Amino acid sequence: MAEPASTNPAHAHFESFLQAQLCQDVLSSFQGLCEALGLEPGGGLPQYHKIKAQLNYWSAKSLWAKLDKRAGQPVYQQGRACPNTKCLVVGAGPCGLRAAVELALLGARVVLVEKRTKFSRHNVLHLWPFTIHDLRALGAKKFYGRFCTGTLDHISIRQLQLLLLKVVLLLGVEIHWGVTFTGLQPPPKKGSGWRAQLQPSAPAQLANYEFDVLISAAGGKFVPEGFTVREMRGKLAIGITVNFVNGRTVEETQVPEISGVARIYNQSFFQSLLKATGIDLENIVYYKDDTHYFVMTAKKQCLLRLGVLRQDWPEIDRLLGSANVVPEALQRFVRAAADFATHGKLGKLEFARDAHGRPDISAFDFTSMMRAESAARVQEKHGARLLLGLVGDCLVEPFWPLGTGVARGFLAAFDAAWMVKRWAEGAGPLEVLAERESLYQLLSQTSPENMHRNVAQYGLDPATRYPTLNLRAVTPNQVRDLYDVVAKEPVRRNSDKTDAGKLAAGSAGTQEELLRWCQEQTVGYPGVHVTDLSSSWADGRALCALVHRLRPRLLEPSDLQGLGALEATAWALKMAEHELGITPVVSAKAVVAGSDPLGLIAYLSHFHSTFKNVPHNPGGLEGPASQGFPGSSSAVLFLGKLQRTLQRTRAQENGEDTGGKKPRLEVEAKSPSTEEPPAPESGVPPTPPSQPQEAGAGDLCALCGEQLYILERLCADGRFFHRNCFRCRTCEATLRPGDYGQHPGDGYFYCFQHLPQPGHKEDGPDPGPKSQDLPTPDENSMPSGPSTVIPQEGTSPVPNPRQPTRRLIRLSSPERQRLSSLKLTPDPDLEPPPKPPRSCSALARQALEGSFVGWGIPVRSPQGTCFAQMHSPRVGGTGISERGMPGNGKGGHGAQDMSTPPFSCCGHEGGAGTESSLQ
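Positions in the sequence shown are counted from 1; adding 105 to them yields this note's numbering.
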């Protein structure tokens, strides 16, 4: 059996490669194998086929059978799924290596960089059933004979890295050791690609490597720029891990493992540990692999009492920092706990060494976990797109007591590779990102119990792994902030197929279309050169030019000479809101600073969607917008006049005389009309509005103070709110533009129905049974018609807070266009619509009077007084209660005048009547 190895040097190198247990040994033996076969390492899948063709003896064939079975799955398309994709994988941890395996099987060119030069992590990982099956399918037993023998379901990180390293080397992945990834180098010009910034100086081949996919698996302490990471923290729990040397003696092999002992399930064990050693633990786990691995949760007070911690600090980083931990006391602590848990059968416990030669022991707060808010991003510059993905601890740090780290890490690696496949198939960037985020939502919910039972069917396709899969759980519109376009050119290649430039549905279509439209609208204005959708708008001139094109009489370009960028931008935002109906979703400061590019694009898309059908006149600045909306008719102007008429009528009803009215400009600032205002006087520069609240990436709602995103942003009076926070203070109804007012006294917002009027106090309890709207018995000479209310001379009508208030007419820009297409010509003699009743009293009288018809009760005309007297307050007698049921008064029939008939209509002091409860 040894004859083939003796006659073929490649066989010997291959056997050394299979049995190597150190990283350097693996690399050196593989280098020797390639040299013996005349191959260059890192040649991709063609290299694998060449090695397989030359090593066809029995020992190698069993490994090729496993790898061929995996590579033969239809999803990989025989290694031609991603033939033109270039990937860079950062980090040679288990998840980074597993992702590299999948990318190589897809046929992509894969380059991996790792800052370390050896594998030294001894901690043991718990494996789910599907991870065990997956690793066996990759030849794990061939590389590591003791892999999950019997009932074992764990492996050390170092051994897992070694067996995956061997697989990626065979599949042609190019690996560079001792190289640290520090950032991205964007393409300097069109036609170039993305590169990596590396330290120390990388070889020219690596430094000039241009890639279009970056997979980061560098651990939780390094996340590429652009990703947002948030911390998930629970109550302080101190975990301690320790590795002792495994001498593999007979005595050591007979010591049983402790898969997990918790205080809640075995209180006697922990009480005995406390009495014997003074150590107070919550749980303890013991796994046996290359080392004797212990992990335990210790109580803080116990560590302080035993001198492991010098001082109790409230800051966790300071509490568990190296300056506050006594190494000798910590070593005594873990030795005593391990010796007690194994009944002393491990003999003398010698610490294993970490990468720095120190005892492999650490204390940490395992309740602090970092989690990325998104799993992928896309960046684009000069037409070169880069897909970025996160896997492993870089994506989400595991909660180690659950043993989910490597299992969910592998799932994330599969999902990232699936994302790359969809990317290579030509799917749009937003579609790819939406699918990736949909899968990311499932990741934290996975467990062995809620995944497919048949682990043998697991593959790259998410449908083979997740029973409840919905790749459309996240829509492309929800991931627009994950697509970052930097300095994009106005014109793109026709061959580029992307939906990344899509704006809101039904809006501007693509960013290219929006940019071309903005260029057409602003051409010819001095000092305005729109080349992109970000920096070209920072000085405010482009935005003012756009507003001027659509409303030329608002201002002249010369009026902007004395205004700064911030003032000009603020003025344009205000004019667009009040005169064009374009609600601002971005602040002037954000436009000038360029801190909210997506907000600016969304804002400009509103202009495009509203005015895209307006014909453009390139011959002069007085474009067709000077005549208003396309095909605008007098109906729009009439509605504007009618709106202002109703405003003045309401102000008069509320008791506002001419001296108490607000200036017209101030009223119009709050309630913009649809009619164009007169042109400003020549030579008088516009007065810039007050600066609104900043609305950048870290916005805060002006009411609740919470973070504010562009899709839920509402601007009112220069401030930004959540749409669900902008409610009436009285009725809690959501306020909409044009349907609210701000009380000058308390500063709160109200709907028009509950807006406190000047001189009106807040509602309180009714002062008495009488109503000011109902006539009294002394008012017999006054008409009591259902809709007649005559105030006393010299007094102004007192507003009733309960009366229904007419809502102002507000038209959006599309509504104006649709209304203008009707070609309505209003009648100049048309009267305003009739006013609704000021209160419910008139309606109550009509309803009550109608209820007595047919009872034999004489009903007098509105000029009479009988009906009013019948409703006057009663002292006694039988009457009709408020609910319409007979009720007994205080004096029975005829308490005051027994001669009055019980149903006499004019018997006010006695007899039957109606309780005056309708006040």
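Just so you know, even glycine gets a beta-carbon here, dropped at the ideal spot from N, CA and C.
Only a predicted model underlies this, so the values are computations on that prediction, with no experimental measurement involved.
- One thing to note: glutamate 455 has its Cβ within 8 Å of the Cβ of phenylalanine 349.
- Judged by pairs of C-beta atoms under 8 Å, the stretch 412-425 does not touch the stretch 251-262, as fewer than three such pairs exist.
- When rounded, the separation of the alpha-carbon atoms in alanine 301 and threonine 354 is 48 Å.
- Within the DSSP bridge table, the entry for histidine 231 names His259 as partners.
- Linking glutamate 684 to threonine 569 through their CA atoms gives a straight-line distance of about 56 Å.
- Taking all protein chains in view, the Cβ of cysteine 499 is crowded by 16 or more other Cβ atoms within 10 Å, so the residue is classified as buried.
- Given a length threshold of 4 residues, each whole run of the alpha helix (DSSP H) inside the stretch 150-191 is given here in chain order: 150-159 and 163-176.
- The beta carbon of threonine 580 sits closer than 8 Å to those of Ala539, all from its chain and outside the five residues before and after it, given in chain order.
- Judged by DSSP in its simplified three-state form, lysine 295 adopts coil rather than helix or strand.
- Under the 8 Å Cβ criterion, the stretch 460-475 does not count as touching the stretch 295-310, having fewer than three qualifying pairs.
- Relative to the Cα of valine 697, the nearest Cα in the group Ser641, Thr688 and Pro572 belongs to Ser641.
- Sequence-distant partners of histidine 231 (beyond 5 residues in either direction) whose C-beta falls short of 6 Å from its own C-beta, in its chain, are His259 and Gly508.
- According to the DSSP assignment, aspartate 130 belongs to the alpha helix (DSSP H) that extends over 128-142.
- For arginine 482, the uninterrupted beta strand (DSSP E) run begins and ends at 481-486, by DSSP.
- The residue among His397, Glu140 and Ala165 with its C-alpha nearest the C-alpha of glutamate 357 is His397.
- The C-alpha of glycine 365 lies about 26 Å from the C-alpha of leucine 414.
- In the structure shown, glutamate 617 adopts helical secondary structure according to DSSP, grouped into three states.
- Under the three-state reduction of DSSP output, methionine 401 falls in the strand class.
- When the beta-carbon positions are compared, phenylalanine 286 and leucine 303 come within less than 8 Å of each other.
- According to the DSSP assignment, tyrosine 545 belongs to the alpha helix (DSSP H) that extends over 534-548.
- Within its own chain, the residues whose Cβ lies closer than 8 Å to the Cβ of leucine 808, once the five positions on either side in sequence are excluded, are Phe826, His827, Cys830 and Phe831, listed in chain order.
- Under DSSP, methionine 524 forms no beta bridge with any residue.
- Residue pairing for arginine 490: DSSP places it in a beta bridge opposite Glu485.
- In summary, glycine 510 is buried, with 16 or more beta-carbon neighbours lying within 10 Å of its beta-carbon over all protein chains present.
- Distance from the Cα of glutamate 542 is smallest, within the candidate group Cys192, Leu574, Gln562 and Gln484, for Leu574.
- The Cβ atoms of valine 206 and leucine 274 lie no closer than 8 Å to each other.
- Partner residues in a beta bridge of lysine 223, as assigned by DSSP, do not exist.
- When secondary structure is reduced to three states using DSSP, arginine 654 falls in the helix class.
- By the Cβ rule, the stretch 331-350 counts as touching the stretch 475-494, because three or more pairs are nearer than 8 Å.
- In this chain, the alpha helix (DSSP H) harbouring leucine 709 covers 702-716.
- Straight through space, the alpha carbons of arginine 646 and valine 284 are spaced by roughly 47 Å.
- Residue pairing from DSSP leaves proline 553 without any beta-bridge partner.
- Using a Cβ distance threshold of 8 Å, valine 560 and proline 361 do not count as a contacting pair.
- About 7 Å separates the beta carbon of glycine 147 from that of valine 278, a gap short enough to meet the 8 Å contact definition.
- Rounded to whole angstroms, the separation of the alpha carbons of isoleucine 262 and serine 134 is 21 Å.
- It is roughly 20 Å from the alpha-carbon of tyrosine 563 to the alpha-carbon of leucine 168.
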